[in-house]
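Undergrad: The sequence shown: position 147 = 147 (this note's numbering), numbered continuously. Don't be surprised by glycine CBs; every beta carbon is placed ideally from N, CA and C.
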Amino acid sequence: MRTLSSILPTFVFQLLTMKLYYKFKKGKGYVLLIYTHLSNRIELSPSVICNESDFGDGKKDNPIKKTDAYYDEKNTILRSFKENVYLVINKIKSEGAEPTTDLVKLGMKQFRRDLLLKKHIETTIEKFPVLYVMKEKYIKSLDKNSTYRSIIYRMKILEDFIKKRGDELLDFREIDVAFYNELENYLVNKEYSNSTTAKIISQFRQFLNFALISNYTSKVYMDYRTKLSVGSKNPLTLKPEQIIELKDFKEFDYSSNLLDEEGKPIYLKYYKGWYGKSYMVKDELFETIKDPTTKRAKRDSKGYLVGMETKNTFNHYTTFEIIKDLFLFSIATGLRWSDCVKVKVGDKDIKNEEYSIIQQKTKDIVPIIENELSRVLYQKYSKGKSVFQYLFPINCKKNDFTRQNYLTKVNEHLKDIGEILKFNNSVNTIKRVGKNPSKNPSVPFYQLMSFHMGRRSHATILSQLGVDMKSISQQMGHSNMTMTGKYISKDDEKLKSVFDFLKPNISNPENPNSTPSPVNEDLKSQLSKLKLMFDEGLLSKEAYDDRVELMLDKYGFN
């Protein structure tokens with residue numbers, strides 16, 4: 001009887017009886033290379049880990065999908081490992097033997113021993129220099145999100161430092177405590193703040209971790225921590241009266257109809273020196289006209305009404321108007337710039353009166369409870385829009401990446417807005433460079449204004465109104481309340497009134513020796529703040545009544 005092997009040529013028979021393919025190992029997350037020969041099968045491990053959702057077709061040479069941040073490096077490792085298996089198989093064939101699973105497994109062990117021996121012999125330099133991995137692998141692997149520019153900035157500083165050392169072929173194994181100390185001294189001598197120095201060193205450790213898990217180095221020192229003091233911060237925040245000024249200032253508004261002495265729109269005086277009408281922002285709206293033949297209108301996949309005739313119209317705003325309102329929205333919601341700028345009309349749950357936001361930084365869903373200030377801003381910018389449109393229009397391309405990178409201009413504009421509104425209260429800051437901090441000259445408040453101040457102001461206002469720390473932490477999407485505490489500024493008004501009980505009680509002439517209760521004075525201060533916010537429309541009647549009730553309960557007056 002003739003067998004299959006006697007009928008077919010040898011190479012064809014071997015192709016039919018031998019297979020190599022990748023398989024995902026559930027539980028541990030390893031990618032395995034499976035080798036089969038006739039009815040036997042072995043698992044070979046290339047030491048590559050990924051998520052099951054990032055593993056694609058095991059029959060392809062690139063089984064790791066692009067959803068994995070390091071898919072290119074991992075696929076390179078897998079291809080190299082597979083090629084090594086083929087080398088072992090061909091070596092067995094060249095020696096006149098059948099590439100059985102046992103022989104291939106044994107051959108791979110020998111191959112790895114030879115490779116390890118070769119690595120021990122190489123004592124001068126590893127395969128990939130630090131700068132090569134930094135520029136050609138790490139930077140190209142980064143997602144272009146809101147942190148991209150900051151990372152590029154820090155990596156450029158690190159690259160300059162390495163080149164200044166004359167170490168363009170720096171080996172990963174040369175990175176030790178002495179290297180970190182030299183880097184820290186370099187940054188201090190360049191007069192980077194201690195906070196910036198700490199961030200740059202932390203970024204370097206993140207890069208080294210990338211190089212390690214991507215097999216560009218076998219071992220590297222990453223345990224260094226700077227001991228430079230970054231100091232405890234009292235975060236700068238806006239006071240309630242400043243928030244009211246921002247909310248009530250209408251001279252930036254395109255639709256305000258306010259005119260100057262010459263009868264021109266008053267907003268024009270704030271854009272002298274701007275090119276043409278570059279200060280103008282057009283927001284696309286959809287005016288709908290009912291079709292009398294249609295009984296019921298439905299929305300299509302893009303959120304537009306079906307059964308109605310639509311025509312494009314535009315609402316107009318000025319740049320300062322939008323930046324001011326975006327800043328107020330951050331104060332009202334506690335959202336970062338990267339989240340504020342991505343909010344779309346459909347992100348609001350009308351029934352529950354809250355916004356469901358996936359935070360850019362944490363990738364977690366955070367429900368933001370609506371309040372009177374965020375409601376007014378939502379109504380202003382959502383009217384006439386599809387649920388898929390951005391809530392706030394800004395002067396750049398309509399995609400998340402460009403909008404996030406608009407933050408630099410936003411911070412510049414906020415300083416201009418603060419100066420226009422005369423936020424001139426004097427602010428002292430500390431310059432922390434090295435081990436000897438110094439006091440900076442006092443500057444007007446507006447010079448230090450930035451968008452993140454809105455998030456800090458949100459946390460501080462909630463705290464001063466008596467909202468519990470856990471609720472504030474959840475509203476801001478923090479993983480713990482310690483982080484939330486860093487956002488809350490000290491309550492100057494409370495601190496000023498601590499010893500008010502020492503003042504004579506002039507309001508009670510019958511008992512001149514009596515003194516007012518410090519509790520009563522504190523309660524009066526809190527109730528005054530609530531009344532001010534209610535009068536200015538920052539709190540609804542229901543919210544005001546609830547807060548007053550809670551305050552009275554707290555001080556035992558109910």
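Would you identify the three-state DSSP class for Val559, choosing helix, strand or coil?
TA: Absent from the model: residue 559. The displayed extent of the chain is 1 to 558, so no value can be given.
Undergrad: Skipping 5 residues on each side, what residues in its chain have a beta carbon closer than 8 Å to that of Leu106?
TA: Taking Leu106 as the centre and dropping the five residues before and after it, the same chain places no C-beta closer than 8 Å to its C-beta.
Undergrad: Between Asn480, Phe388, Lys529, Met453, which lies nearest to Met551 when the distance is taken from Cα to Cα?
TA: Of the candidates Asn480, Phe388, Lys529, Met453, the residue whose Cα lies closest to the Cα of Met551 is Lys529.
Undergrad: Would Leu465 pass as a contact of Phe327 if the rule is Cβ separation under 8 Å?
TA: Remark: C-beta atoms of Leu465 and Phe327 do not approach each other more closely than 8 Å.
Undergrad: Return the CA-CA distance between Cys50 and Asn189, expressed in angstroms with no decimal places.
TA: 42 Å
Undergrad: Taking 8 Å as the limit between beta carbons, can you name the residues of its chain near Pro292, skipping five residues before and five after?
TA: A caution first: Pro292 carries a pLDDT of 48, below 50, which makes its placement in the model unreliable, though a value can still be read off. If we look at Pro292 and ignore the five residues flanking it on each side, it has no Cβ neighbours.
Undergrad: Can you tell me the Cα-Cα spacing of Leu228 and Ser438, whole angstroms?
TA: 14 Å
Undergrad: By DSSP's criteria, Ser438 is part of a beta bridge. Which residues make up the other side?
TA: Lys431
Undergrad: Could you pull out every unbroken alpha helix (DSSP H) segment of at least 4 residues lying fully inside the region 125 to 199, listed in chain order?
TA: 148 to 164, 177 to 189
Undergrad: By Cβ distance, which residues of its chain are closer than 6 Å to Lys531, with the 5 residues on each side in sequence left out?
TA: The beta carbon of Lys531 is closer than 6 Å to none in its chain, skipping five residues each way along the sequence.
Undergrad: Considering only the beta carbon of each residue, do Asn440 and Thr429 sit closer than 8 Å?
TA: yes
Undergrad: Going by beta carbon distance, what residues of the same chain come within less than 6 Å of Ser39, once the five residues before and after it are set aside?
TA: none
Undergrad: Of the choices Met222, Phe55, Val366, whose alpha-carbon is the least far from that of Leu78?
TA: Residue Phe55 is the option with its Cα nearest to Leu78.
Undergrad: So, are the CB atoms of Ser426 and Pro444 less than 8 Å apart?
TA: Yes, the pair counts as a contact, with Cβ atoms nearer than the cut-off.
Undergrad: Start and end of the beta strand (DSSP E) containing Phe24?
TA: 18 to 25
Undergrad: Compare the Cα-Cα distances from Asn331 to each of Ile472, Ala178, Val345, Glu43 and report the closest residue.
TA: Sequence inspection shows Ile at residue 331; the Asn mentioned does not correspond to that position. The shortest Cα separation from Ile331 among Ile472, Ala178, Val345, Glu43 belongs to Ile472.
Undergrad: Any idea if Ile121 is buried or exposed, counting beta-carbon neighbours within 10 angstroms, 16 or more meaning buried?
TA: Caution applies to Ile121, whose pLDDT of 45 falls short of 50 and renders its modelled position unreliable; the model cannot decide the point.
Undergrad: Taking the DSSP output, what are the residues bridged to Asn40?
TA: His37
Undergrad: Tell me whether Asp423 sits in a helix, a strand or coil according to DSSP, three-state version.
TA: Rather than Asp, the amino acid found at residue 423 in this sequence is Phe. Looking at Phe423 - three-state DSSP - the assignment turns out to be coil, as it is neither helix nor strand.
Undergrad: Rounded to the nearest angstrom, what separates Gly384 and Leu285 at their Cα positions?
TA: 5 Å
Undergrad: What's the C-alpha gap between Leu541 and Glu370?
TA: Per the sequence presented here, residue 541 reads as Lys, with Leu not at that position. Looking at the two C-alpha atoms, the distance is approximately 15 Å.
Undergrad: Per DSSP, which one or two residues make a beta bridge with Pro367?
TA: By DSSP's assignment, Pro367 forms a beta bridge with Ser356.
Undergrad: Starting from Tyr378, trace the alpha helix (DSSP H) in both directions and tell me its first and last residue.
TA: 372 to 382
Undergrad: For His316, tell me which candidate among Gly334, Glu353, Phe392 has the shortest Cα-Cα distance.
TA: Phe392
Undergrad: Report yes or no: do the region 209 to 222 and the region 157 to 169 share at least 3 C-beta pairs separated by less than 8 Å?
TA: no
Undergrad: Based on DSSP bridge pairs, tell me the residues matched to Pro444.
TA: Ser426, per the DSSP bridge assignment.
Undergrad: Which residue marks the beginning of the alpha helix (DSSP H) containing Gln389, and which one marks its end?
TA: Per DSSP, Gln389 belongs to no alpha helix (DSSP H) and is neither H nor E.
Undergrad: For Asn62, which residues from the same chain have a beta carbon less than 6 Å from its beta carbon, with the 5 sequence-adjacent residues on both sides left out?
TA: Asn75
Undergrad: Between Met533 and Leu527, is the Cβ-Cβ spacing less than 8 Å?
TA: no
Undergrad: Output the boundary residues of the alpha helix (DSSP H) element that contains Asn75.
TA: 71 to 94
Undergrad: For Lys59, which option in Gly537, Leu32, Asp68 has the closest C-alpha, if you only look at C-alpha atoms?
TA: Leu32
Undergrad: With three or more beta-carbon pairs closer than 8 Å as the criterion, would you say the region 356 to 375 touches the region 264 to 282?
TA: No, the region 356 to 375 is not in contact with the region 264 to 282.
Undergrad: Alpha carbon to alpha carbon, how far is Leu602 from Ile357?
TA: Residue 602 is absent from the model: the chain starts at 1 and stops at 558.
Undergrad: Quick one: is Tyr180 buried, meaning 16 or more other Cβ sit within 10 Å of its Cβ, or exposed?
TA: buried
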